[in-house]
Amino acid sequence: MSDSRDNALTTANRRIDNSVSSLISRIQVKRGSGRMVILLLVTFAFFAALRPGIFLNPVNLQNIGVAAPEIGLLSLAMMIAMLTGGIDLSIVSIANASAITISSLYTAIATASGAEAAEGMALLIIVAGLVVGLLCGAINGLLISVVGITPILTTLGTMQLFNGLAIVWTGGVTISGAPAVLTSIGRSTLVGIPALFLILLAAAALVAVVINRTAIGRKIQLQGANAVAARYSGISARRTLMGTYLVCGALGGLAGILFLSRNPAASADYGSSYVLLTIVIAVLGGTNPNGGFATVAGVLLATLTLQVVSSGFTALRLSDYQYAIAQGVLLVGVMVFDQIQFRHRRRASSVTTSQGAVPAAPGSKEDGQPQ
Amino acid sequence: MNALKRLRGANNEGILLAVIIVLVIAMAMASPAFFTPSTFFSLVRSSMVPLVFALGVLLVMVSGGIDVSFAAIAIFAAYSAIAWSSGSGIDPGLFGAFLIALVIGALLGGLNGVVIARFRLPTLIVTLGTQGVFKGILLTYIGSRYISAGNLPPSVLAAGDAYLVNIPGAGYLHAMMVPVVLVTIGVWWMLKYTVFGRGIYAIGGDVEAARRVGIKVVRTQVLLYMMVGALAAFGGIIYVILGKNANPQSLVGSELDIIAAVVLGGASIFGGRGSVLGTVLGVLLVQLINNNLVLVGIPSTWQRAAVGILLLAGVGIQALATVRASSRSTAIHEETVA
């Protein structure tokens, strides 16, 4: 008896699953990872052809593998926030808060009871950094889901708050010191692949599983695709958003740990250009900034593409400012391109299905309030 | 009851004013140095440029968007005008400098407007992107050199020493206050009494409804962003005049103080709500805190965190009030959520 009920439940669940995913795919323009693979290969070939000596140097390639992970983690966090239709501008500040926590805890313990004792407690110290990330995420989640402030304003405010507290804590200067474990992780490689990059891959795989295979992941997607439908499906927006920003905070905390693995110094101003960069990566990777659609593979590929562009620019002796121009043009260009494509598709599909049911009301997403 | 409501104001301006008064009294009690003419004069002086920027941000917010590129536009326009003048040796005069900067600002703002209105893209993300582009182009192709007072056009430099009121030992009111006040009144008048201004509110309230009553949404938005760009440029030139230098690295990074001021002034990020009076009060509140934290014994490192807390507290109270108001009218509706 219970067997048959379980069976009925699974079929029902599967049916809901299918209808949800077909709904989501109908609402969203498919911005598959195929485009990103091509883009990555093209940019790589472009810079390799222009500056083969510098760009194809193994050291340069390794550098891409070492620099990409922290940006990739932050972009994944941005992607998850965008998936719900929100945004997390505070993510870089969270990462810095985590890095500063670890660095100053380590230094404090090392000066109080010797470097050896501090190394012994390294794991605990690193966990403390992650906890700070989660705590910051919880503050965001609380303000967004319980108090009801829009994500833009919440994270704009907490960005300022976390960053401001970090300045108070450090006095505005760069502090140095990090557990030796982290530094050695930052230097180690596995069959030529930097360990940091493997950490990114592991985290990305975990995020992919959470988004595509768990209940909270489904809820996050539906929340972004159609908040009203999510509410009437009995999904608690409060819990979903809380979960979302907790995951963002955890990813930010992990990114802070990677900051320290690359360079045993932390400051409140580190990575101030990353806010724009992570948004560029998320959008380029196919994330819909209005919510409801994103792929982890797309974001990973976009991270690598941007890192290739960055190191290619360095090889061409172009400045950070020119890189910023490229990012801005890329961001606006991709959004304009997607929008034009979307309109074409909509026009095409409304011609073929002009009679019959309303086509899944994509207008409600695309024509909504500009944020 | 009605009198109370009027005192409170449509966007809680009255509450904001009360907060400012309480804060002033608290600061005066904490520090005897606070209640002096020089505090007042420096507050006015430091509020001038943020107020001009805030008016631009207010316009965008009333239309339902958010703009983070205004600081980049401001320094781009002001620095380009000054750099051209000091490079070519031509002094365009004070009005000439304003004019050049305003045209550049309007063009850059127009670019924002075209992208946002024509393609209906999220304003925050677009302006974040254009901010990077504007700053990058300025520093790469126009100049990254700091222009000191000696190299400013003489007319701009002279304007830096023009005072309305000058009390030796206590401070002065800068002559640039006149154009700032005029622009503030102009924006207030435009928002309240012109078709264009009402159109901005209409678009912010409901784009579709605005379109159906016959407002040309795309054209209004493009014009709006051009105006905001020109306002930013105006603020940028005043910034150069007050500081007597042109530094291409400045201004960008201070956006949040302005956005916080506008939001605290009662403007809604969803559009359709906001007032010039509220914005003026919001700017005064933020500047009051920025200027005088040190005076009451709080270290200046707390400044950034303080503005963040202020913003969160301001929007938090507004959000809670909205939730309470909507649960009162649709109690059944809310039950399904909780």
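Chains A and B, in that order, give the protein sequences. For the first sequence, the numbering used here assigns the number 1142 to the initial residue and increments by one for each residue that follows. For the second sequence, the numbering used here assigns the number 23 to the initial residue and increments by one for each residue that follows. Yeah, the Cβ is synthetic: ideal placement off N, Cα and C, and Gly gets one too.
Asked, Found
"Any C-beta of chain B under 9 Å from that of A/VAL1421", "yes"
"Helix, strand or coil at B/GLY193 according to DSSP, with G and I counted as helix", "strand"
"contact_flag[the segment 239-251 of chain B, the segment 135-144 of chain B] where n(CB pairs < 8 Å) is 3 or more", "yes"
"B/ALA268 vs B/ALA105 beta-carbon contact at 9 Å", "yes"
"Between the CA atoms of B/GLY319 and B/ILE37 - distance to the nearest angstrom", "26 Å"
"Cutoff 8 Å; reference B/ILE237; Cβ partners in own chain excluding five residues on either side", "GLY221, ALA224 and ILE225"
"Beta-carbon contacts of B/LEU150 that lie in its chain and below 7 Å, excluding the five residues immediately before and after", "VAL90"
"Separation of B/GLN340 from A/MET1592, as counted between CA atoms", "Past the boundaries of the shown model lies residue 1592 of chain A; chain A is included only from 1142 to 1512, so the question cannot be answered."
"Closer than 7 Å at the beta carbon, the chain B residues around A/LEU1425", "In chain order: nothing, as chain B lies at least about 11 Å away."
"Spatial distance of B/ARG12 from A/THR1315 (CA atoms)", "With chain B represented from 23 up to 360, any question about residue 12 of chain B goes unanswered, as that position is not in the structure."
"Cut-off 6 Å between Cβ atoms - residues of its own chain near B/THR358, not counting five sequence neighbours on either side", "Any reading at B/THR358 is ruled out, since the residue's pLDDT is 40, under 50, leaving its predicted position unreliable."
"Within chain A, the residues that B/GLY330 reaches when beta carbons sit closer than 9 Å", "LEU1297, GLY1298, THR1299, MET1300, GLN1301, LEU1302, PHE1303, ASN1304, GLY1305 and LEU1306"
"Cβ pair B/LEU315, B/ALA335 closer than 9 Å", "no"
"A/THR1291 at chain B interface by Cβ criterion, 9 Å", "yes"
"Contact the segment 1198-1207 of chain A vs the segment 1427-1439 of chain A: 3+ CB pairs below 8 Å", "no"
"Own chain residues within Cβ distance below 6 Å of A/GLY1227, not counting five before or after", "PRO1292"
"For A/ALA1407, the residue or residues it bridges with in DSSP", "A/ILE1316"
"Contact under 9 Å by Cβ, B/LEU65 with B/LEU310", "yes"
"Alpha-carbon to alpha-carbon, B/GLU277 and A/ALA1409", "18 Å"
"For B/ASN188, the residue or residues it bridges with in DSSP", "B/TYR194"
"Assigned exposure category for B/ALA231 - 16 Cβ within 10 Å defines buried", "exposed"
"As assigned by DSSP and simplified to three states, the class of A/ARG1167", "Residue confidence for A/ARG1167 is low, a pLDDT of 45 falling below 50, so the modelled location carries little weight; the figure read from the coordinates is stated next. Looking at A/ARG1167 - three-state DSSP - the assignment turns out to be helix."
"Closest by C-alpha distance to B/ALA123, when choosing among B/ARG142, B/THR145, B/PHE57 and B/ILE95", "B/ILE95"
"B/SER290 to A/VAL1348 span [Cα, whole Å]", "34 Å"
"Own chain residues within Cβ distance below 8 Å of A/ILE1266, not counting five before or after", "ILE1243, LEU1246, TYR1247, ILE1250, ALA1259 and PRO1320"
"With 16 other Cβ atoms within 10 Å as the buried cut-off, status of A/GLN1482", "exposed"
"Bridge-paired residues (DSSP) for B/ALA268", "B/ILE169"
"Residue-chain proximity (B/LYS157, chain A), Cβ-Cβ < 9 Å", "yes"
"Residue from B/GLY300, B/VAL345 and B/ALA347 with nearest C-alpha to B/ASN29", "The sequence as given places Leu at residue 29 of chain B; Asn does not occur at that position. Out of B/GLY300, B/VAL345 and B/ALA347, B/GLY300 has the C-alpha closest to the C-alpha of B/LEU29."
"Under 9 Å by beta carbon: chain A residues contacting B/VAL137", "VAL1473, MET1476 and VAL1477"
"Proximal residues to B/ALA103 (C-beta, below 6 Å), its chain only, five neighbours per side dropped", "ALA119, ILE122 and ALA123"
"Chain A contacts from the segment 274-308 of chain B (Cβ-Cβ distance under 7 Å)", "LEU278, ILE281, VAL285, ILE291, PHE292 and GLY293"
"Cα-Cα separation, B/TYR168 to A/SER1413", "22 Å"
"Proximity test, B/LEU278 beta-carbon vs the ligand PLP heavy atom, cut-off 8 Å", "You won't find the ligand PLP in this model; it holds no ligand whatsoever."
"Reduced DSSP secondary structure (H/G/I, E/B, other) of B/ILE291", "coil"
"A/ARG1167, buried or exposed, once every other Cβ within 10 Å from all chains shown has been counted against 16", "Any reading at A/ARG1167 needs caution, since the residue's pLDDT is 45, under 50, leaving its predicted position unreliable; the model's value is listed next. Its Cβ having fewer than 16 others within 10 Å, A/ARG1167 is exposed."
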